[in-house]
Amino acid sequence: MKTIKIFLASSEEMDYDRMAFGNLVRRLDNMYEKRGIRIKLFEWEDYDSAYNDKRKQDEYNDYVRQSDIFLALFHKKAGEFTVEEFNIASEEFKEKASPKVYTYCKDLKTGEEETPELKDFKKQLFDEMGHFWCRYDNRESLQFQFVMQLQLVESNQMTDMKVEDGNVTINGLPIASMGKLKFASRNEEFIKMNEELASLPPKIEKARLRLEKFPDDEDLQDDLQTKLNRYNQLKKDFNEYQQILFDTAKRIAQLQGERITERMRRAMDAFNDGKVREANIILDEAEADARRNLEDYKQSKEITDLKRQAVINSIEELLLKTSTIMADASIPIEERIESTENLYAQADEMSKVAEYDKNKFAQILLDYGDFLKKYARYSQAEDIYKRLIVLSEEIYGEIHSDTAIAYNNVGCLYDDMGKYTDALKYHFRAQEIREEVLGKADLQTATSYNNIGLIYNQMVDYPKAMEYFRKALDIYERILGAENDYTSTAYNNIGCLLEDMGEYSKALEYHLKALVVDEKILGINHPETAKLYNNIGIVYHDMGDYQKALDYYNKAINVDKEALGINHPETAKVYNNIGCLYDDIGEYQKGLDNHLLALKIREKVLGKDHPHTAQSYHNIGVPYDLMGDHQKALHYYLKALEIQERTLGKEHLETAKTNYCIGGIYDSQGDYHKALEHYKKALDIQEKVLGKDHPDVLKSYNLIGTIYREIEDYHNALIYRQKEIDYHLRNSGNNSIKTAIAYNNVGAQYRDLTLYEKAIEYISKAYEIAVKIEDTTAKASYLNRLGRVYALMGNLEMARNKFKEAIDLLPEDHPEAVDSQNRLKEIQTKLH
Numbered sequence: 001m002k003t004i005k006i007f008l009a010s011s012e013e014m015d016y017d018r019m020a021f022g023n024l025v026r027r028l029d030n031m032y033e034k035r036g037i038r039i040k041l042f043e044w045e046d047y048d049s050a051y052n053d054k055r056k057q058d059e060y061n062d063y064v065r066q067s068d069i070f071l072a073l074f075h076k077k078a079g080e081f082t083v084e085e086f087n088i089a090s091e092e093f094k095e096k097a098s099p100k101v102y103t104y105c106k107d108l109k110t111g112e113e114e115t116p117e118l119k120d121f122k123k124q125l126f127d128e129m130g131h132f133w134c135r136y137d138n139r140e141s142l143q144f145q146f147v148m149q150l151q152l153v154e155s156n157q158m159t160d161m162k163v164e165d166g167n168v169t170i171n172g173l174p175i176a177s178m179g180k181l182k183f184a185s186r187n188e189e190f191i192k193m194n195e196e197l198a199s200l201p202p203k204i205e206k207a208r209l210r211l212e213k214f215p216d217d218e219d220l221q222d223d224l225q226t227k228l229n230r231y232n233q234l235k236k237d238f239n240e241y242q243q244i245l246f247d248t249a250k251r252i253a254q255l256q257g258e259r260i261t262e263r264m265r266r267a268m269d270a271f272n273d274g275k276v277r278e279a280n281i282i283l284d285e286a287e288a289d290a291r292r293n294l295e296d297y298k299q300s301k302e303i304t305d306l307k308r309q310a311v312i313n314s315i316e317e318l319l320l321k322t323s324t325i326m327a328d329a330s331i332p333i334e335e336r337i338e339s340t341e342n343l344y345a346q347a348d349e350m351s352k353v354a355e356y357d358k359n360k361f362a363q364i365l366l367d368y369g370d371f372l373k374k375y376a377r378y379s380q381a382e383d384i385y386k387r388l389i390v391l392s393e394e395i396y397g398e399i400h401s402d403t404a405i406a407y408n409n410v411g412c413l414y415d416d417m418g419k420y421t422d423a424l425k426y427h428f429r430a431q432e433i434r435e436e437v438l439g440k441a442d443l444q445t446a447t448s449y450n451n452i453g454l455i456y457n458q459m460v461d462y463p464k465a466m467e468y469f470r471k472a473l474d475i476y477e478r479i480l481g482a483e484n485d486y487t488s489t490a491y492n493n494i495g496c497l498l499e500d501m502g503e504y505s506k507a508l509e510y511h512l513k514a515l516v517v518d519e520k521i522l523g524i525n526h527p528e529t530a531k532l533y534n535n536i537g538i539v540y541h542d543m544g545d546y547q548k549a550l551d552y553y554n555k556a557i558n559v560d561k562e563a564l565g566i567n568h569p570e571t572a573k574v575y576n577n578i579g580c581l582y583d584d585i586g587e588y589q590k591g592l593d594n595h596l597l598a599l600k601i602r603e604k605v606l607g608k609d610h611p612h613t614a615q616s617y618h619n620i621g622v623p624y625d626l627m628g629d630h631q632k633a634l635h636y637y638l639k640a641l642e643i644q645e646r647t648l649g650k651e652h653l654e655t656a657k658t659n660y661c662i663g664g665i666y667d668s669q670g671d672y673h674k675a676l677e678h679y680k681k682a683l684d685i686q687e688k689v690l691g692k693d694h695p696d697v698l699k700s701y702n703l704i705g706t707i708y709r710e711i712e713d714y715h716n717a718l719i720y721r722q723k724e725i726d727y728h729l730r731n732s733g734n735n736s737i738k739t740a741i742a743y744n745n746v747g748a749q750y751r752d753l754t755l756y757e758k759a760i761e762y763i764s765k766a767y768e769i770a771v772k773i774e775d776t777t778a779k780a781s782y783l784n785r786l787g788r789v790y791a792l793m794g795n796l797e798m799a800r801n802k803f804k805e806a807i808d809l810l811p812e813d814h815p816e817a818v819d820s821q822n823r824l825k826e827i828q829t830k831l832h
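Per full-length UniProt numbering, residue 1 is the first one in the sequence shown, and the count goes up by one each step.
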């Protein structure tokens, strides 16, 4: 059990803040104890020296030296002992790099003044040490700053701090509202977006009431949808902007307690006051200075400490600007991305030239790679992440949790790029390191298990995916409990996987577990909860319980229409599923109506040239196909195929699915050459994407083989029948009835080619399997087939023997026995 020791120094004026801080530490300690971490707080109030024993203070100073984090709280004054403790902690850090020293100064209210001692102390902090204190103006701001810095001390375990729906949490524990943090609450863009977001719900409700009075009024429908679309898009944009502000605050937290430049201090103050544009203007000078400092460094014959420090200062100023420029919403997003990429590249170059601190350089590469990945600069991100692996192994060694993170990042990048085999290689390495360093019951190890499960799922290796998903879930349940979004996601992942595997009852169990969590955390009227309703509907649909499926689809669609509006992709998705349900129960017109509604929404929202729109075209073709209107079905299938080939590519599974259906239409019309063309296109995609051992590939072999037999191209038919045998030998072995059937089919093909000896060979193999597995019906069937071939060869004695053996195995009224009896009579007539 690891213990993080925190020493909190403060004067009596900070009594309320100190107590609130203590309560927070105790809650964090309780949370992280399950993860093998204890957080212990030593508190000392700096009362007037007359009330304190000097020797007792010496003991407190020893606690300071033993701590991992030293925190000093100031407001209007600086007490003698608090300053003494700060100085001891700072000296200890210089010698041993521990404890981490952080200073918190509470903002003055109107009429309040700092004592001369505090002014002198703050001046000493910055002028002599370059130490920048954390400013706060309320309890939530203090909590936010501390938890940020706690994560920096124990970054391997405490990675759960995030901002969601305007609240900063750590593993679900509320830390602060963004509206209570000055860098957000005074930011112009934050204020503007927050005010508009608050103004929209009443307008939406008013529009909804008008529409209830006149439900067929298309202008009112459009007005409501426009307001809902604006609300949902703004909510998404607002969450993204809060994340950018959060990331900038995180960057500043990394700098607090470090030596910084005057320019950085001014920029950080500006950002913390909500003036992000002013922060950028301050840092504009940094880029030009950085270029000069680098050129001067390169050309110098003698590198002095002063010149090297100038380059280091420039690196840190550039890195600060990578955050502040992304937070400046007055600059177009593409311009912000380009500028930030250039800043990272410049900092990267300077770090290499100046031999920057390796630990800090590793952080630059991590942030640089994350930025490039987020904005889909995949090839550049790949280079940066791989350099990070090399540097991490150099700094920490090959077996270290930070090295595991570097491998994990490359794995996630390759996953995004669709390079699943490469992704597995890097995720396996991250897993191996984490298991050795952190153990098999750690949350980071669970992350590796989950990532590997997701890739196996993409590769359609369901047993492997299940193995890793379950490993991840076991850890989440043990450490985080059932009511947690990580656990809920794990339940849903397993549910979807079981559904793909056809284990519907088990899939339903896991989806319902996820639903319990989401309904409690998010509520029953949240779009994410609606997705689970839809998933549960799909499982009931697959189970054939169509009424329950429809009930859950309707739950999903009611939430989506209310929260997202009718003209939304999620709403269209549910209409699409309802259409498929009606197709499956034979109510083709209802199916068609829902597919047409989904198409109307998708064309309006996504446009005609979108994969989801193509899916609707495909699905409209299905009921027409089932109703026998093959021309209309073909029309919609071909429209779907055109879009899919253009947007998804000619080697996508959705493209394969549509080719397969088009092949079916031509097959039913007797146009076998066109049927073969499309079936083969589907098969090529299936083999490349799914591999030769997927059931869909077997179906294609069978269909293509059957068509070749129909057109009496027995040579090609035989090729595909042999592929079926190879498939079953790989997947079922040589003692399976499926393999026996495949052997028999090849035997039949050789019979049609009049290659009777080969026919006997393959049907005999089928018979041998039936004998091994003691399948009496199969044995009788294959004896019957052997009898037929011997009869065609003119070997009537062997034919009679085989038919007699077949008859003896089954009741006389069994269809196979009846057929053998009739054929035996014909043979006996010929023999006599």
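Beta carbons: idealized from backbone N, C-alpha and C, even for Gly.
- Item | Range of the contiguous alpha helix (DSSP H) that encloses Arg-18 | 15-32
- Task: Below 8 Å CB to CB, which residues in the same chain sit around His-694 once its five sequence neighbours on both sides are set aside?
- Result: Val-460, Gln-686
- Message: According to DSSP, is Ala-78 part of a helix, a strand, or is it coil?
- Response: coil
- Item | Where Pro-815 sits in the DSSP three-state scheme | helix
- Message: Out of Pro-202, Ile-204, Gly-179, Lys-203, which one is the CA nearest neighbour of Glu-192?
- Response: Just to set this straight, residue 192 is Lys in the shown sequence, not Glu. Cα-wise, what sits closest to Lys-192 is Gly-179.
- Same chain, Cβ closer than 8 Å to Asp-668, five either side skipped, listed in chain order: For the sequence presented, residue 668 should be read as Ser rather than Asp. Counting only Cβ-Cβ distances below 8 Å, and skipping sequence neighbours, we find His-630.
- Beta-carbon spacing of Asn-280, Ile-325 below 7 Å: yes
- Task: Assign Tyr-136 to one of three DSSP states: helix, strand, or coil.
- Result: strand
- Query: Is the distance from the Cβ of Ser-351 to the Cβ of Ile-364 below 7 Å?
  - Reply: yes
- Item | Bounding residues of the beta strand (DSSP E) (the contiguous stretch that carries Ile-170) | 167-170
- Item | With 16 other Cβ atoms within 10 Å as the buried cut-off, status of Arg-336 | buried
- Anyone know if the C-beta pair for Ile-763 and Leu-729 falls short of 7 Å? no
- Query: What are the uninterrupted segments assigned as alpha helix (DSSP H) that are 4 or more residues long and contained completely in the region 266-331, given in chain order?
  - Reply: 276-299, 305-326
- Query: Going by other Cβ atoms of all chains shown within 10 Å of its Cβ, with 16 needed for buried, is Leu-24 buried or exposed?
  - Reply: buried
- Message: For Asn-801 and Arg-788, I'd like the C-alpha separation in whole angstroms.
- Response: 11 Å
- Query: Expressed to the nearest angstrom, what Euclidean distance is found between the alpha-carbon atoms of Asp-671 and Lys-373?
  - Reply: 48 Å
- Can you tell me the Cα-Cα spacing of Ala-563 and Glu-432, whole angstroms? 44 Å
- Item | Close beta carbons around Leu-718, own chain, < 6 Å, minus the five adjacent residues each side | Gln-749
- Which residue or residues does DSSP assign as beta-bridge partners of Ile-4? Ile-39
- Note down, in chain order, each residue of its chain lying with its Cβ closer than 7 Å to the Cβ of Thr-340, except the 5 sequence neighbours on either side. Thr-322, Ile-325, Met-326, Phe-371
- Is Thr-613 helix, strand or coil when you go by DSSP? helix
- Can Asp-485 and Ala-530 be called in contact, C-beta distance under 7 Å? no
- Message: From the DSSP secondary-structure annotation, give me the bridge partner or partners of Glu-164.
- Response: Asn-167
- Determine the closest residue to Ile-827 out of Asn-795, Ala-290, Asp-305, Glu-80, with distance taken between C-alpha atoms. Asn-795
- How is the alpha helix (DSSP H) around Val-689 delimited, first residue to last? 672-689
- Item | Chain-order list of residues whose beta-carbon lies under 7 Å from that of Arg-434 (same chain, five-residue window excluded) | Ser-401, Ala-404, Asp-442, Gln-444, Thr-445, Ser-448
- From Thr-613 to Leu-424, what does the alpha carbon distance come to, in whole angstroms? 32 Å
- Message: If you reduce the DSSP assignment to three classes, tell me which class Thr-829 lands in.
- Response: helix
- Coil, strand or helix - Ile-191 by DSSP: helix
- alpha helix (DSSP H) containing Val-460: first to last residue? Segment: none, Val-460 is in no alpha helix (DSSP H) and carries neither H nor E.
- CB-CB under 7 Å to Asn-619, same chain, minus the five flanking residues each way: which ones, in chain order? Asn-576, Gly-579, Cys-580, His-595
- Straight-line gap, Lys-94 to Ile-88 (C-alpha atoms, nearest Å): 10 Å
- Residue burial classification, Arg-55 (beta-carbon count within 10 angstroms, cutoff 16): Caution is warranted here: a pLDDT of 44 is assigned to Arg-55, below 50, making its placement in the model unreliable, and the coordinate value is therefore given only provisionally. With fewer than 16 other Cβ atoms within 10 Å, it is exposed.
- Item | Own chain, CB closer than 6 Å to Lys-513, minus 5 neighbours either side, in chain order | Tyr-491
- Message: Under DSSP, the alpha helix (DSSP H) around Lys-540 begins and ends at which residues?
- Response: In the sequence as displayed, the identity of residue 540 is Tyr instead of Lys. Note, Tyr-540: alpha helix (DSSP H), 527-543.
- Where do the ends of the alpha helix (DSSP H) carrying Ala-717 lie? 714-731
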